Each structure stands twice: as structure tokens, then as C-alpha cells.
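Chemist: Questions regarding the structure given below will be posed in turn.
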Amino acid sequence: MDTGTPLIDFTSAPPQARSLDVRWIHGSPSAKHNTDLDIQVHAYDEHTFILRQNMAVHYEAPFLFLLCGNERAVLIDTGATESAEFFPLRRVVDGLLADWLDRHPRDGYQLLVLHTHGHGDHVAGDDQFTDRPDTTVVGADRAGAWRYFGFDADPDAVAHVDLGGRVLECLATPGHHEAAVTFYDPATGLLLTGDSVYPGRLYIEDVPAFARSIDRLIEFAGRRPVTHVLGCHIEMTTEPGVDYPVRTTYQPDEPPLQLTPAHLGRIRDALTELDTDLTWRAYPDFVLCPRA
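Written out as C-alpha cells, the structure is:
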């Protein structure tokens, strides 16, 4: 990076919760006639972008996150569709970064691609970035991700990813997926929980590991200013305890994406109510879905 470039201050002021009163694209009665953008972009602030994939392209409609620092940006997850024709993630990210660099010129700007976990609806677009200049794509498999973050040596460590004056804190939070990672951004106070915590069906592959991860997130969030807890999906309806059916491609009555640190405690309490037969249990803002 050009050392003469003015640096953005990401650390001097505590994070302030910004509005997330966003009408997210949510599919349409006829996917064939859907007119939504392939990817919706919401600028949370000047340096932070929340993206949602079109539900007509893929029913999972995951959320992705692009955060810019002084030296590099990080894209967290790459969505559910491989094809750049139907899911032009690289084009959208390149456009966002070009606009950002127009406002904040600097040389040698890098892109880092990380993941909340390795399920297909979060890694499908990786290949769009493998030949992108000045880009590092870190695999979402446990071996590759754990090595990058240092969790192979210490799974209880808090890893740090420095974007240039904007340092993310990263925790291993297995349970939904063996290589799940939660990201905390001190600049915004956003806690990015992937598929571990969101308003929807919380699929749990390993109940004890998931409970430990929720305990860890409760402790972690209790010592930091968390403005919003953001997962990667919305699957609930606005009727408490009622979720949309799996593979739904039209969700006109979605609740907000954002949850609060208090929801972590509610999930932990709900885990104590799981039956030994691992029956799914619905709660107002989520459904616990343990898998045998």
C-alpha cells in the first residue's frame, strides 16, 4: 500500500448501532418472473457492505459480508451458486471495491476471502475469485481454515485478521459445522455468526460442541460492545415460532436479519430443553434442529 495514503481511523470511537431497517429481497410468487437483482447490496456504513443472494437464483438466499480496511478487504462467504452468469459475485464485489477505492485511493489493495463454515451455500462462489489478482481465498474445510486461523494449535484462541487498522476477532464455533467460525468486527460491533445463530432453523450436527460454542459466544459478547448479531439466513416468519418450509422461494413476511446478544442466552436456555430423542423445538425467533 502507498504509505502516503491517508489512513482511515477504525478504532478511536466505540461502535454505534446503525439502522438495519432494510427491506431485503425475499423472492417472488413466480421465480420465473422474478425481477430482483441477482445480489442485493446494503451499505451498512461507508466501509461495510451486507449482500444477499436472490432467492429465485437459490432458495437458501444467503447473506454475505464485505468489510474494507486500510490495506485489504475481506469477503466473508461466497454464496450458494457457482455460476457467475446467474450469480455475478465477483463483478459485484469488484464494483464495490472500485467505488470504495475511488473514495479512498491506495495502491496494492488486497482482497481476502474467508468463510463462516464449509457448507455448499457459503462456498459455491469461491472459484470466481481464484484467478483474481491480489486475492487470497482461504478454504472452508477444517484443515485449511483451522490452519489459517491457528485453531489447529489452539481451538480456544481468539484469532486476529488485520485488514489494516481494522482488526477482526475470530472464534472457532463448531457445532453446526466442524469448521464454523464467528467473526467480530470492533469497528462496527457486528458479530457475524454464520449458520450458528440466525432467525431460522439452527441445524446442529454436534449438540455438545454447539452448546460450548454458544457458551463461548455469550462470554465473548459480554465483554465487547456488540451492536447486532448477524447470521447468514432468514427462515422465520413474522409469526413467532413459525418458519418458512425448506426450499421456499418466496418469503414476503420475513422478520429482520439482526438478532441481539440476548438471543444467545435464549438459545443456550433452549438447548437445556432438548429431549434425548433430539426432537426439533420451535421458539419465537429460531428453531433448534439437532441431527442424530
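First residue of the sequence shown? That's 925 in the numbering used here, and the numbers climb one at a time after it.
Yeah, the Cβ is synthetic: ideal placement off N, Cα and C, and Gly gets one too.
Everything numeric in this text was worked out from a predicted model, so none of it was measured.
#1: Between the Cα of ASN994 and the Cα atoms of SER1007, PHE934, PHE1134, which residue gives the shortest distance?
#2: Within the same chain, show all residues whose beta-carbon is closer than 6 Å to that of GLU1102, passing over the 5 residues directly before and after it, in chain order.
#3: From GLN1052, VAL1153, ALA1077, pick the residue whose C-alpha is nearest to that of GLY1003; which is it?
#4: If you measure between the beta carbons of LEU1087 and LEU999, is that distance less than 8 Å?
#5: Which of the three DSSP states, helix, strand or coil, is assigned to PRO1185?
#6: In the DSSP assignment, the beta strand (DSSP E) including GLY1068 goes from what residue to what residue?
#7: Give, in chain order, every unbroken run of the beta strand (DSSP E) that is at least 3 residues long and sits entirely within the stretch 1074-1139.
#8: Need the endpoints of the alpha helix (DSSP H) that ARG1014 sits in, please.
#9: Strictly by DSSP, which residues pair up with PRO939?
#10: Would you mind sorting ALA997 into buried or exposed? The rule is 16 or more other CB atoms within 10 Å of its CB.
#11: Tell me the rounded alpha-carbon separation between LEU931 and LEU1025.
#12: So what does DSSP say about ALA980, is it helix, strand or coil?
#13: For a test of the three-state rule: what should DSSP assign to ASP1045, helix, strand or coil?
#14: Just how far apart, CA to CA, sit MET925 and LEU1036?
#15: If you measure between the beta carbons of CYS1094 and PHE987, is that distance less than 8 Å?
#16: Should GLU1143 go down as buried or exposed, given a rule of 16 or more other Cβ atoms within 10 Å for buried?
#17: DSSP three-state label for ASP933, please.
#18: Taking the beta strand (DSSP E) that LEU991 belongs to, which residues open and close that run?
#19: So, ARG1190 versus TYR1207, is the Cβ gap smaller than 8 Å?
#20: Going by DSSP in three states, ILE1158 sits in which element: helix, strand or coil?
#21: Would you tell me roughly how many angstroms separate the C-alpha atoms of LEU1115 and THR1162, rounded to the nearest one?
#22: With a cut-off of 8 Å on the beta carbons, I'd call SER1120 and THR1151 a contact; round off their distance for me.
#23: Can you give the Cα-Cα distance for PRO1110 and ALA1104, rounded to whole angstroms?
Modeler: If we stick to the structure as given:
#1: The sequence position of residue 994 within the sequence shown is 70, counting from 1. Checked all of SER1007, PHE934, PHE1134; the closest Cα to ASN994 is PHE934.
#2: Here residue 1102 refers to the residue found at position 178 of the sequence shown. Scanning its chain for C-beta atoms nearer than 6 Å, with the 5 sequence neighbours on each side dropped, one finds around GLU1102 the residues ARG1066, in chain order.
#3: The count along the sequence shown starts at 1 and reaches residue 1003 at position 79. Out of GLN1052, VAL1153, ALA1077, GLN1052 has the C-alpha closest to the C-alpha of GLY1003.
#4: As a position in the sequence shown, residue 1087 is number 163, starting the count at 1. As a position in the sequence shown, residue 999 is number 75, starting the count at 1. No, the Cβ-Cβ distance between LEU1087 and LEU999 is not below 8 Å.
#5: By 1-based counting over the sequence shown, the position of residue 1185 is 261. Look at PRO1185 here: in three-state DSSP terms it is helix.
#6: Residue mapping note: residue 1068 aligns to position 144 of the sequence shown, counting from 1. Taken as a continuous stretch (DSSP letters only), GLY1068 belongs to no beta strand (DSSP E), being part of the alpha helix (DSSP H) at 1066-1073.
#7: Runs of the beta strand (DSSP E) inside the stretch 1074-1139: 1082-1086, 1091-1096, 1105-1109, 1114-1118, 1125-1128.
#8: Here residue 1014 refers to the residue found at position 90 of the sequence shown. Here the alpha helix (DSSP H) through ARG1014 covers 1013-1027.
#9: Indexing the sequence shown from 1 puts residue 939 at position 15. Here PRO939 is not bridged, per DSSP, to any residue.
#10: As a working mapping, residue 997 is identified with position 73 in the sequence shown. Per the 10 Å Cβ criterion, buried.
#11: Stepping through the sequence shown from its first residue, residue 931 is reached at position 7. Stepping through the sequence shown from its first residue, residue 1025 is reached at position 101. Whole-angstrom Cα-Cα distance: 13 Å.
#12: Within the sequence shown, the letter at position 56 stands for residue 980. The answer is coil: DSSP assigns ALA980 none of H, G, I, E or B.
#13: The count along the sequence shown starts at 1 and reaches residue 1045 at position 121. Correct three-state label for ASP1045: helix.
#14: Taking the sequence shown and counting its residues from 1, one reaches residue 925 at position 1. Taking the sequence shown and counting its residues from 1, one reaches residue 1036 at position 112. Bear in mind that the predicted position of MET925 carries a pLDDT of just 49, short of 50, making it too unreliable to give a figure here.
#15: Here residue 1094 is taken as the residue at index 170 of the sequence shown, counted from 1. Here residue 987 is taken as the residue at index 63 of the sequence shown, counted from 1. Not closer than 8 Å, so no.
#16: The count along the sequence shown starts at 1 and reaches residue 1143 at position 219. Counting every other CB atom within 10 Å of its CB across the protein chains shown gives GLU1143 a total below 16, marking it as exposed.
#17: Taking the first residue of the sequence shown as 1, we reach residue 933 at position 9. It is coil, neither helix nor strand.
#18: Residue 991 sits at position 67 when you count from the first residue of the sequence shown. Counting along the chain, the beta strand (DSSP E) containing LEU991 begins and ends at 987-992.
#19: Here the question's residue 1190 lines up with position 266 in the sequence shown. Here the question's residue 1207 lines up with position 283 in the sequence shown. For ARG1190 and TYR1207, yes; Cβs fall inside 8 Å.
#20: The residue given as residue 1158 occupies position 234 in the sequence shown. Residue state, collapsed to three classes: coil.
#21: Taking the first residue of the sequence shown as 1, we reach residue 1115 at position 191. Taking the first residue of the sequence shown as 1, we reach residue 1162 at position 238. Their backbone Cα atoms lie some 23 Å apart in a straight line.
#22: The count along the sequence shown starts at 1 and reaches residue 1120 at position 196. The count along the sequence shown starts at 1 and reaches residue 1151 at position 227. At roughly 18 Å, the Cβ-Cβ gap does not stay under 8 Å, so SER1120 and THR1151 are not in contact.
#23: Indexing the sequence shown from 1 puts residue 1110 at position 186. Indexing the sequence shown from 1 puts residue 1104 at position 180. In a straight line, the C-alpha of PRO1110 is about 20 Å away from that of ALA1104.
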